[in-house]
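K.L.:
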Amino acid sequence: MKTLAMFGFLSSIALGWTHVGNNIRGWNQSPVTFYVNYSNCPLSQAEMNEIIDVAINTWNGITDSNLEVKRAETSLSINAFLNGTATEVPVILCDPNFATQIGSPEVYVVPAATFLTRTDSNGNLNYSGILLNAQNGVDANIGNLSRGQVELTLAHEMGHALGLGHSSQPEALMYYSLGTKEQPVMTEDDIDGIVHIYPRNELSGGVLGCAAVKSEPLSPHSATSWKTLIPMMLLLILGWAIGRVAILRASEPSALQT
Amino acid sequence: MQKFNWALVILFIWGLEAQAKVQDNTQKGIHLDLGAVQTRLEKKWDAPTGYENLVSSLTGYVRLRGTVPLGKRIVWEPSLGTLLPWKSGVDGMTRKFTSHLDLTLSYPLLPWLRVRLGPGLKWLFLHGDGGEVVLNNGTSTSSFYTPGYASHSFVVTAQTGLSCILTSKISLNFELYGTGIFDHLRRSFDAAATLGWRL
Chain A
1306 MKTLAMFGFL
1316 SSIALGWTHV
1326 GNNIRGWNQS
1336 PVTFYVNYSN
1346 CPLSQAEMNE
1356 IIDVAINTWN
1366 GITDSNLEVK
1376 RAETSLSINA
1386 FLNGTATEVP
1396 VILCDPNFAT
1406 QIGSPEVYVV
1416 PAATFLTRTD
1426 SNGNLNYSGI
1436 LLNAQNGVDA
1446 NIGNLSRGQV
1456 ELTLAHEMGH
1466 ALGLGHSSQP
1476 EALMYYSLGT
1486 KEQPVMTEDD
1496 IDGIVHIYPR
1506 NELSGGVLGC
1516 AAVKSEPLSP
1526 HSATSWKTLI
1536 PMMLLLILGW
1546 AIGRVAILRA
1556 SEPSALQT
Chain B
9 MQKFNWALVI
19 LFIWGLEAQA
29 KVQDNTQKGI
39 HLDLGAVQTR
49 LEKKWDAPTG
59 YENLVSSLTG
69 YVRLRGTVPL
79 GKRIVWEPSL
89 GTLLPWKSGV
99 DGMTRKFTSH
109 LDLTLSYPLL
119 PWLRVRLGPG
129 LKWLFLHGDG
139 GEVVLNNGTS
149 TSSFYTPGYA
159 SHSFVVTAQT
169 GLSCILTSKI
179 SLNFELYGTG
189 IFDHLRRSFD
199 AAATLGWRL
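Protein chains in written order, with the numbering used here: chain A, 1306 to 1563; chain B, 9 to 207.
(1) Determine, using beta carbons only, whether Y1413 of chain A comes closer than 8 angstroms to chain B.
(2) In or out: Q1474 of chain A buried (at least 16 other Cβ within 10 Å) or exposed?
(3) Can you check whether the CB of D1444 of chain A is closer than 8 angstroms to the CB of W1322 of chain A?
(4) So N1342 of chain A is in the beta strand (DSSP E); what residue range does that whole segment cover?
(5) L88 of chain B: which of B:Y69, B:A201, B:G79 and B:K104 sits nearest, CA to CA?
(6) Taking 8 angstroms as the threshold (C-beta atoms), are L117 of chain B and G126 of chain B in contact?
(7) Spell out whether any CB of chain A is found under 8 angstroms from the CB atom of V163 of chain B.
(8) Here's a check: name, in chain order, each residue in its chain whose Cβ is nearer than 8 angstroms to the Cβ of L121 of chain B, leaving out the five neighbours to either side.
(9) Out of B:K80, B:H160 and B:V164, state which residue places its alpha-carbon closest to the alpha-carbon of L111 of chain B.
(10) N1342 of chain A to E85 of chain B, Cα distance in whole Å?
(11) Do A1391 of chain A and L1459 of chain A have their CB atoms nearer than 8 angstroms?
(12) Check whether the region 1435-1449 of chain A and the region 1396-1416 of chain A are in contact - that is, three or more C-beta pairs closer than 8 angstroms.
(13) Taking just the CA atoms, how far does L49 of chain B sit from L193 of chain B?
(14) What are the partner residues of V142 of chain B, as DSSP defines its beta bridges?
(15) Can you check whether the CB of G188 of chain B is closer than 8 angstroms to the CB of S196 of chain B?
(16) Within the present structure, is the beta-carbon of Y1413 of chain A separated from the nearest heavy atom of the ligand MG by less than 7 angstroms?
(17) Check this for me: beta carbons of N1327 of chain A and G79 of chain B, under 8 angstroms apart or not?
(18) How would you list, in chain order, the residues of chain B whose beta-carbon sits under 8 angstroms from the beta-carbon of H1324 of chain A?
(19) Against H39 of chain B, what residues of chain A qualify as contacts under a CB-to-CB distance less than 9 angstroms, listed in chain order?
(20) Does N1438 of chain A pass the burial test, meaning 16 or more other C-beta atoms within 10 Å, or should it be called exposed?
(21) Return no unless some Cβ of chain A is closer than 8 angstroms to the Cβ of N181 of chain B.
(22) Please list, in chain order, the chain A residues whose beta carbon lies closer than 8 angstroms to that of S159 of chain B.
(23) Determine the chain A residues that contact G138 of chain B at a beta-carbon separation under 9 angstroms, and present them in chain order.
(24) Using C-beta distances below 7 angstroms, list every residue in its chain close to K1486 of chain A, excluding the 5 sequence neighbours before and after it, in chain order.
(25) Taking all protein chains shown into account, decide if A1377 of chain A is buried (16 or more other Cβ within 10 angstroms of its Cβ) or exposed.
(26) Please tell me whether V1337 of chain A and L1450 of chain A are closer than 8 angstroms, where the distance is taken between their beta carbons.
(27) Quick one, are the C-beta atoms of W1364 of chain A and M1479 of chain A less than 8 angstroms apart?
(28) For Y1432 of chain A and chain B, any beta-carbon pair shorter than 8 angstroms?
(29) Between A:S1382, A:I1502, A:G1442 and A:P1489, which has its C-alpha nearest G1470 of chain A's C-alpha?
(30) Just to confirm the assignment, what range does the alpha helix (DSSP H) spanning R1452 of chain A have?
(31) Assuming E1493 of chain A is part of the alpha helix (DSSP H), what are its boundary residues?
(32) Please return the same chain residues whose Cβ sits closer than 6 angstroms to the Cβ of L132 of chain B, not counting the five positions on each side in sequence.
(33) According to DSSP, is Q1440 of chain A part of a helix, a strand, or is it coil?
(34) 8 angstroms is my cut-off, CB to CB: does S208 of chain B come that close to chain A?
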């Protein structure tokens, strides 16, 4: 009892993740595809792809989440996105008139922003886009930032497009400021936030027939549950069989005794 | 050298004693295991300096474990455990609860040492009361929202470990939990060390 009381006392560790909207849920599509238009970008397409892939891989591979992110190319214009009629969303665009969207003096200090994040009637995200600062003559133009800072910025904005709000934890990827961070690193805070929006349910395929578990859309990785479960069950059966043989051999009277 | 010899003698005597008690410890019964779990070991190794404890945390662990002999050597050891403390978020509006259901079999390597292996299920429960929070967005402040609904994540785990039987009542357990072990992107490992009491 004393031990439990001690654990209760320790439970003041704070996490600070939030959602970008009230009762927001994740994108219904899996994988979530970020459509990229490389026009107006101050970096080459190859450089942009490398940066985008680092940002994508920051969000991919969270064990407890079914989130999978990938990229594709689009010719979508900034105006079409801002009109709210784009179908290839979420989108990543380089904006040479970034000040028009974000204002001044923000254009000098903000390297990117996420706009028009919307949900459907079920609360699922269905519209969002990331505008990167490509305005000439400003320090926050992504062409003026280090490679790590652009990766970090993009990973942070992807977090918004995926449904996460800011975190109050300064080390978190979703903290509002880059601070002294030089590369995108997820903290437990970011991970918990994304798991809440995109939970992984390896029982959803009816593996154990648990009808009480809320059904989630099957992720492309759902086969993993079978890949994990089948060898483990075979291992259990093998272990049981070896044990039985060992027991039977031990209980058999030896030839010498007879 | 003399100290080493004495240590060997003590280990030998303890081994003999443990051999006599091992059967008691693995008889049908219930054990209370208390200890700690280090989460996401692989992230701790990869994390940049200063981030180790933000991606991989050391957390308390309490577990009830049954022992059901399936023969002379094999013992079925189903267990249900939870990570403590249950973490809370901004203004206490977000809660995190992690538990493990394991269905392992153990087998004696030595009279006082058992290896444990089997599948399990990790349940991560995240819940919030909802509500608006105002946070800095760099140039001013913006409204964000704490979660207003519960979220459940169920992940199949593979577990292996060693159980060191100290007395008929007490055991020292080391475990490694693997999740997503066949998926190079999602593969993750938690390690646990617990001291068990036979109730």
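Backbone N, C-alpha and C fix where the C-beta goes; we use that ideal spot for every residue, glycine too.
Source: prediction; values computed, not measured.
P.N.:
This is what the structure gives:
(1) Indexing the first sequence from 1 puts residue 1413 of chain A at position 108. No, its Cβ sits nowhere closer than 8 angstroms to a Cβ of chain B.
(2) Position 169 of the first sequence, counting from 1, holds the residue named residue 1474 of chain A. Around the beta carbon of Q1474 of chain A, a 10 Å sphere encloses 16 or more other beta carbons of the protein chains shown; the residue is thus reported as buried.
(3) Against the first sequence, residue 1322 of chain A aligns to sequence position 17. Against the first sequence, residue 1444 of chain A aligns to sequence position 139. Taking 8 angstroms as the cut-off, the beta carbon of W1322 of chain A is found no closer than this to the beta carbon of D1444 of chain A.
(4) Taking the first residue of the first sequence as position 1, residue 1342 of chain A is located at position 37. Run containing N1342 of chain A: V1337 to N1342, per the beta strand (DSSP E) assignment.
(5) By 1-based counting over the second sequence, the position of residue 88 of chain B is 80. Minimum Cα distance to L88 of chain B is reached at B:Y69.
(6) Residue 126 of chain B sits at position 118 when you count from the first residue of the second sequence. Residue 117 of chain B sits at position 109 when you count from the first residue of the second sequence. Cβ atoms of G126 of chain B and L117 of chain B: not closer than 8 angstroms.
(7) Here the question's residue 163 of chain B lines up with position 155 in the second sequence. By this cut-off, V163 of chain B is an interface position.
(8) By 1-based counting over the second sequence, the position of residue 121 of chain B is 113. Excluding the 5 residues flanking it on each side, L121 of chain B has same chain C-beta neighbours closer than 8 angstroms at L170, S171, C172 and I173, in chain order.
(9) Walking along the second sequence from the start, residue 111 of chain B turns up at place 103. Checked all of B:K80, B:H160 and B:V164; the closest Cα to L111 of chain B is B:V164.
(10) Within the first sequence, the letter at position 37 stands for residue 1342 of chain A. Within the second sequence, the letter at position 77 stands for residue 85 of chain B. If you draw a straight line from the Cα of N1342 of chain A to the Cα of E85 of chain B, it comes to about 55 angstroms.
(11) Locating residue 1391 of chain A in the first sequence gives position 86, counting from the first residue. Locating residue 1459 of chain A in the first sequence gives position 154, counting from the first residue. Their beta carbons are not under 8 angstroms apart, which means A1391 of chain A does not touch L1459 of chain A by this criterion.
(12) Yes, since at least three Cβ pairs between the region 1435-1449 of chain A and the region 1396-1416 of chain A fall closer than 8 angstroms, the two stretches touch.
(13) Position 185 of the second sequence, counting from 1, holds the residue named residue 193 of chain B. Position 41 of the second sequence, counting from 1, holds the residue named residue 49 of chain B. So the two alpha carbons sit approximately 14 angstroms from each other.
(14) By one-based count along the second sequence, residue 142 of chain B stands at place 134. Within the DSSP secondary-structure output, V142 of chain B pairs in a beta bridge with B:S151.
(15) Reading the second sequence from its first residue, position 188 is the one you call residue 196 of chain B. Reading the second sequence from its first residue, position 180 is the one you call residue 188 of chain B. Yes.
(16) As far as ligands go, the structure on display features none, and thus does not contain the ligand MG.
(17) Counted from its first residue, the first sequence places residue 1327 of chain A at position 22. Counted from its first residue, the second sequence places residue 79 of chain B at position 71. No.
(18) As a working note, residue 1324 of chain A is residue 19 in the first sequence. The contacting residues are F152, Y153, T154 and P155.
(19) The count along the second sequence starts at 1 and reaches residue 39 of chain B at position 31. Within 9 angstroms Cβ-Cβ: nothing; H39 of chain B doesn't reach chain A, min ~15 angstroms.
(20) Stepping through the first sequence from its first residue, residue 1438 of chain A is reached at position 133. By the neighbour-count criterion, in which a residue is buried when 16 or more other Cβ atoms sit within 10 angstroms of its Cβ, N1438 of chain A is buried.
(21) Indexing the second sequence from 1 puts residue 181 of chain B at position 173. Using a CB distance cut-off of 8 angstroms, N181 of chain B does not count as an interface residue toward chain A.
(22) In the second sequence, counting from the first residue as 1, residue 159 of chain B sits at position 151. Those within 8 angstroms of S159 of chain B in chain A are V1500, H1501, I1502 and P1504.
(23) Your numbering for residue 138 of chain B matches position 130 in the second sequence. Chain A residues near G138 of chain B: N1327 and N1328.
(24) Taking the first residue of the first sequence as 1, we reach residue 1486 of chain A at position 181. Here the set comprises L1457.
(25) Counting from 1 along the first sequence, the entry for residue 1377 of chain A is found at position 72. It is exposed - the Cβ of A1377 of chain A has fewer than 16 other Cβ atoms within 10 Å.
(26) For this step, residue 1337 of chain A is matched to residue 32 along the first sequence. For this step, residue 1450 of chain A is matched to residue 145 along the first sequence. Contact flag unset, no.
(27) Along the first sequence, one-based indexing puts residue 1364 of chain A at 59. Along the first sequence, one-based indexing puts residue 1479 of chain A at 174. Contact: no.
(28) Walking along the first sequence from the start, residue 1432 of chain A turns up at place 127. False, the Cβ-Cβ gap to chain B never drops below 8 angstroms.
(29) In the first sequence, the residue the question calls residue 1470 of chain A occupies position 165. Minimum Cα distance to G1470 of chain A is reached at A:I1502.
(30) The residue you call residue 1452 of chain A lines up with position 147 of the first sequence. Per DSSP, the continuous alpha helix (DSSP H) segment holding R1452 of chain A begins and ends at R1452 to A1466.
(31) Mapped onto the first sequence, residue 1493 of chain A falls at position 188. Unbroken alpha helix (DSSP H) run through E1493 of chain A: E1493 to I1502.
(32) On the second sequence, residue 132 of chain B is found 124 positions in, with the first residue counted as 1. Within its own chain, the residues whose Cβ lies closer than 6 angstroms to the Cβ of L132 of chain B, once the five positions on either side in sequence are excluded, are T106 and S161, listed in chain order.
(33) Sequence index remark: in the first sequence, residue 1440 of chain A carries index 135 (1-based). Coil at Q1440 of chain A, not helix or strand.
(34) This structure cannot settle anything about residue 208 of chain B, because the visible part of chain B is limited to 9 through 207.
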